[in-house]
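Trainee: Quick mapping for you: the protein sequence lines, in order, are chains U and P. Residue numbering for the first sequence is 230 to 481, as defined by this note's numbering. Residue numbering for the second sequence is 39 to 543, as defined by this note's numbering. Think of the CB as a built atom: it goes at the ideal place given N, C-alpha and C, for glycine as much as any other residue.
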Amino acid sequence: MTALLELDEVRVAGPHGDRLNAVSLRLQNGERIALLGRSGAGKSSLIGVFNGSLLPAAGHVRFQGEALASLSRRQRARIGTLWQDLRLIEELSIGQNVNAGALGRRRLPWALANLLFRIDAEASRSCLRQAGLEESLLADTGLDRPVGQLSGGQRQRVALARLFRQQPDLMLADEPLASLDPAIAAEVLERLLTPESDGTLRSGAQAVVVSLHRPELIDRFDRVLGLRAGRLVIDTPASTVSANDLRDLYAP
Amino acid sequence: MRPTAPALVLLPAFALLPVLIVVLNGAHGGGAEILGSFVVGAVSPSMDPALLKALLIGLQVTIATALTGWSCSLVLGVLLGCLSSERLWLTWSLPVWPAIVLRRLMALPRSVHELIWGLLLLQVLGLHPWVAVMAISIPYSCLIARVWRDQLQSLDPSRLQAMLQTGSSPMAACMTALSPAMGSVLVSYGGYRLECALRSATLLGVFGLGGLGMDLELSLKSLQFHELWTGLWLLTLVTIALEQGLRCWRSWGQQAQFGQRQVMGFAVAVVLSAGLGGVWLAHLFPDAGSLIWLPLQWPDFSSLRLAAEELPWISMLWDTLILTVLAAGIAIGLPPLLLLLTPAPLWQRCISGFWVLVRVIPPPLAVLLLLLSNQPTLAIGALALGLHNSGVMGRLLQEGLQQQDNSAQVALTSSGASSQMGWLYGLLSPRSPSHLAYGAYRSDVILRETVVVGLIGGSGLGWQLLESLSSFHWAAVLLLITTYAVLTLIGEWLSDQSRQHWLQS
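#1: Residues of the stretch 202-235 of chain P with a CB closer than 8 Å to any CB of chain U: list them in chain order, please.
#2: Three or more C-beta pairs under 8 Å: does that hold for the stretch 525-539 of chain P against the stretch 340-352 of chain P?
#3: Judging by CA-CA distance, which residue of U:Arg248, U:Trp312, U:Leu446 is the nearest neighbour of Ala495 of chain U?
#4: Is Gly288 of chain U helix, strand or coil by DSSP?
#5: For the stretch 206-248 of chain P, list the alpha helix (DSSP H) runs that are entirely contained and at least 4 residues long, ordered along the chain.
#6: Judging by CA-CA distance, which residue of U:Leu454, U:Ile276, U:Arg420 is the nearest neighbour of Ala434 of chain U?
#7: Using beta-carbon positions only, say whether Ala365 of chain P and Ala420 of chain P come within less than 8 Å of one another.
#8: Does the stretch 298-316 of chain U come into contact with the stretch 200-209 of chain P, if we say contact requires no fewer than three beta-carbon pairs (one atom in each stretch) closer than 8 Å?
#9: Would you list, in chain order, the members of the stretch 191-202 of chain P that have their beta-carbon closer than 8 Å to a beta-carbon of chain U?
#10: Listed from N- to C-terminal order along the chain, which residues in the stretch 302-314 of chain P have their beta-carbon within a distance smaller than 7 Å of any beta-carbon of chain U?
#11: Distance, Cα to Cα, Leu376 of chain P vs Arg397 of chain P?
#12: Starting from Pro177 of chain P, follow the alpha helix (DSSP H) in both directions and report where the run begins and ends.
#13: Taking Cβ to Cβ, would you say Ile154 of chain P is nearer than 8 Å to Ser111 of chain P?
#14: Can you tell me which of the three DSSP states Asn412 of chain P falls into?
#15: Would you mind sorting Ala480 of chain U into buried or exposed? The rule is 16 or more other CB atoms within 10 Å of its CB.
#16: For Leu503 of chain P, I'd like the list of residues in its chain whose CB is within less than 6 Å of its CB, leaving aside the five on either flank, ordered along the chain.
#17: Are the beta-carbon atoms of Val327 of chain U and Leu461 of chain U separated by less than 8 Å?
#18: From Pro466 of chain U to Val438 of chain U, what distance separates their C-alpha atoms?
#19: Where do the ends of the alpha helix (DSSP H) carrying Val99 of chain P lie?
#20: Does the count of Cβ pairs from the stretch 274-289 of chain U and the stretch 241-249 of chain U closer than 8 Å reach three?
#21: Using a threshold of 8 Å, state whether the C-beta atoms of Leu423 of chain P and Glu505 of chain P are closer than that.
#22: Roughly how many angstroms lie between the CA atoms of Gln535 of chain P and Trp108 of chain P, to the nearest whole one?
#23: Are Leu265 of chain P and Ser84 of chain P closer than 8 Å when you measure CB to CB?
#24: Tell me the residue span of the beta strand (DSSP E) that contains Ala436 of chain U.
#25: Name the DSSP beta bridge partners of Arg261 of chain U, please?
#26: So with CB distances below 7 Å, who are the chain U contacts of Gln298 of chain P?
#27: If we ignore side chains and look at the alpha-carbon of each, how far apart do His539 of chain P and Leu439 of chain P end up?
#28: Does the stretch 74-84 of chain P come within contact of the stretch 232-243 of chain P, defined as at least 3 CB pairs closer than 8 Å?
#29: Run through DSSP, which three-state label would Arg142 of chain P get?
#30: Quick one: does Ala306 of chain U have its CB under 8 Å from some CB of chain P?
#31: Going along the stretch 286-320 of chain U in order, which residues come within less than 9 Å of chain A, judged by CB to CB distance?
#32: Can you tell me which of the three DSSP states Leu308 of chain P falls into?
#33: Note down, one range per segment and in chain order, each beta strand (DSSP E) of at least 3 residues found wholly within the stretch 365-447 of chain U.
#34: Please report how far the alpha carbon of Val162 of chain P lies from the alpha carbon of Gln335 of chain P, in whole angstroms.
#35: What does DSSP give as the partner residue(s) for Gly455 of chain U in the beta ladder?
#36: Between which residues of its own chain and Ala545 of chain P is the CB-CB distance below 6 Å, once the five residues before and five after are set aside?
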């Protein structure tokens with residue numbers, strides 16, 4: 230069976246040494262993967278290789294059997310990322326930011342109309358509801374509110390809704406729980422990871438990778454990848470990860 | 039001694055000392071009566087219907103010229119700014135060298151003042167209403183392109199990258215990620231450029247290129263101050279109306295979608311203005327005809343060498359630099375000095391009115407006025423240029439101070455400090471770096487404008503340029519314009535460096 234995403238001896242160079250070195254792995258449909266490691270271990274770099282924003286100096290990256298570097302932009306739209314710094318457009322409204330997730334599937338006149346009018350409000354609302362944004366912000370006046378006026382937790386949900394709006398096959402989340410209180414963090418994880426009965430994910434993706442600094446949450450995942458100094462040192466089902474493994478991963 | 043921010047803002051005002059000493063020393067008694075008539079004319083402008091009709095036609099020419107020149111330069115400037123942005127070329131996965139080449143090519147047209155463009159185009163195209171429009175459009179479009187490109191380059195690239203990651207086309211990604219931030223630049227900087235265009239169109243008129251400026255110059259030279267003030271008050275009213283209109287436009291659009299519609303509306307207005315302005319000019323000059331290019335004799339190497347030997351380079355450059363330094367000192371130091379006298383609201387309003395007045399009077403007219411009662415000296419030019427630019431800086435400073443958080447000022451006055459000291463320490467101090475940064479930019483503009491007062495005042499590069507143009511000495515014209523452009527580009531670089539220094543402090 231063709232892997233959803235495949236890395237083969239990938240190396241990513243950095244200014245002070247390799248960010249990733251000889252990383253090989255295969256992601257399959259239906260997998261919910263936790264990506265662990267200390268700060269600077271290479272988690273964000275690996276996410277960057279997954280979504281094609283970081284080009285490897287060596288090795289191969291294939292998405293659904295095709296070289297990632299040669300994918301058309303519509304094919305690239307099948308990989309969606311929830312960025313650590315969210316990357317919302319501050320001057321645009323909630324609705325406009327959520328709709329921006331659909332730019333890969335829409336044409337230029339739609340993109341222009343999104344800047345001027347409230348369009349596809351129901352689709353935005355559905356994604357925001359799925360992301361858990363409070364109902365008061367789902368009314369028309371709420372959708373028109375600039376994201377710059379929202380709290381950190383609300384902005385996180387708008388970024389999540391944008392990811393849902395993109396409808397990618399592979400969802401990547403780079404430290405989505407940083408700066409969130411435990412209740413909101415648990416809710417965000419639930420929105421990303423809840424499976425359907427047929428093995429797919431409620432979010433609509435075929436697989437999801439979440440980088441974390443909270444090893445206590447790995448029981449919600451199927452598989453754990455652990456990075457240390459740019460090398461993949463753990464690649465195992467989540468149920469088999471031991472306390473020793475985690476201690477070695479996070480040791481100074 | 040290490041002067042800190044508010045002191046550094048006030049120190050440049052010392053330039054007033056030598057200037058005022060020279061001006062007062064050079065004053066002659068015969069001028070006092072003339073200046074008195076000038077002041078009286080302010081409160082009793084002529085309301086002669088024939089004069090008003092003539093001035094209104096002149097004002098229409100000025101406004102139509104400004105509007106057409108502004109809108110053409112804004113459209114062209116945004117386009118050139120995008121094409122000279124390496125970021126946009128990279129977004130389309132294209133090599134960046136065309137952007138770099140274009141940016142270098144735009145340096146020369148940008149560095150030549152619109153008045154020089156006007157005088158040059160007058161030589162090759164003759165007297166035609168579109169000469170003034172082109173004189174404004176050429177340097178303005180390159181200035182706008184530079185600002186547009188710098189703003190594009192300074193934006194956080196991660197948002198654009200995030201949009202491209204969704205599979206968006208480069209055009210849709212740029213529109214979504216960049217246009218919201220660039221839209222506010224378009225409205226604020228575009229509005230500022232319209233005010234500049236109005237001043238430039240008036241200035242071009244003073245030198246015979248049509249419009250209200252011509253009427254003002256004639257009134258001044260014939261000492262008809264009542265008529266002069268009628269024209270100045272008309273211009274003041276238009277300037278105030280424009281400022282208020284732009285302020286209303288900027289404050290409209292609090293919600294995100296309305297903000298984008300505001301920008302789209304502004305863009306549409308710009309494009310329509312180009313057409314409307316052209317139609318308006320055609321209506322005002324029905325017999326203008328089409329532009330005809332007159333033959334120009336290019337100088338050969340030997341005539342260039344001869345001209346280089348004849349020109350008094352050292353005195354010209356020295357005069358230009360002294361003029362710039364003194365005028366910049368007055369422009370930077372005078373506004374905070376006047377505001378420091380008292381923070382009383384009535385005084386602040388009077389000062390606002392003063393800024394409007396000195397902004398409206400073009401520097402060459404101010405020089406002509408001062409020459410009525412004074413010997414021609416560099417100080418005259420420095421005072422005229424400094425006062426005019428202090429009007430621009432003063433208005434910006436006042437607007438910035440009004441938006442400033444005044445909690446520090448309140449704390450100081452409540453602990454016993456005088457209102458002046460509370461204002462100086464609590465309000466001006468946090469504003470000082472941005473005022474000095476803008477002062478650095480404004481000094482660059484003043485350097486460009488020295489040629490304008492030089493044309494009238496008989497000093498520096500400007501005077502030599504006018505002499506050479508009048509005698510069709512093209513070799514000297516070419517050398518002088520090249521020197522002027524090089525000086526301006528050096529000044530631009532220096533002002534960029536000091537502006538970055540103040541903004542980072």
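Mentor: In short, the structure shows the following:
#1: Taking a C-beta cut-off of 8 Å against chain U, the contacting residues of the stretch 202-235 of chain P are Leu202, Gln203, Thr204, Gly205, Ser206, Ser207, Met209, Ala210, Ala211, Met213, Thr214, Ala215, Ser217, Pro218, Ala219, Gly221, Ser222, listed in chain order.
#2: no
#3: The question about residue 495 of chain U has no answer, for chain U in this structure spans 230 to 481.
#4: strand
#5: 208-215, 217-244
#6: U:Arg420
#7: yes
#8: yes
#9: Listed by position along the chain: Ser196, Arg197, Gln199, Ala200, Met201, Leu202.
#10: Met302
#11: 16 Å
#12: 167-192
#13: Going by C-beta atoms, Ile154 of chain P is not nearer than 8 Å to Ser111 of chain P.
#14: strand
#15: exposed
#16: Leu518
#17: Their beta carbons are not under 8 Å apart, which means Val327 of chain U does not touch Leu461 of chain U by this criterion.
#18: 14 Å
#19: 87-121
#20: yes
#21: no
#22: 28 Å
#23: Before going on, a small fix: residue 265 of chain P reads as Glu here, not Leu. A contact, by the Cβ cut-off of 8 Å.
#24: 436-440
#25: U:Val437.
#26: Leu344, Leu345
#27: 21 Å
#28: These segments do not touch.
#29: Arg142 of chain P falls in the helix class under three-state DSSP.
#30: yes
#31: Going by chain labels, chain A is absent from the structure shown, which instead holds the protein chains U and P.
#32: The amino acid at residue 308 of chain P is misidentified as Leu; the sequence shows Val. DSSP places Val308 of chain P in helix when its eight states are reduced to three.
#33: Taking only runs of at least 3 residues, the beta strand (DSSP E) segments lying wholly in the stretch 365-447 of chain U are 399-403, 436-440.
#34: Rounded to whole angstroms, Val162 of chain P to Gln335 of chain P spans 10 Å at the Cα level.
#35: U:Leu265, U:Ile463
#36: Outside the shown range of chain P, which is 39 to 543, sits residue 545 of chain P, and nothing can be said about it.
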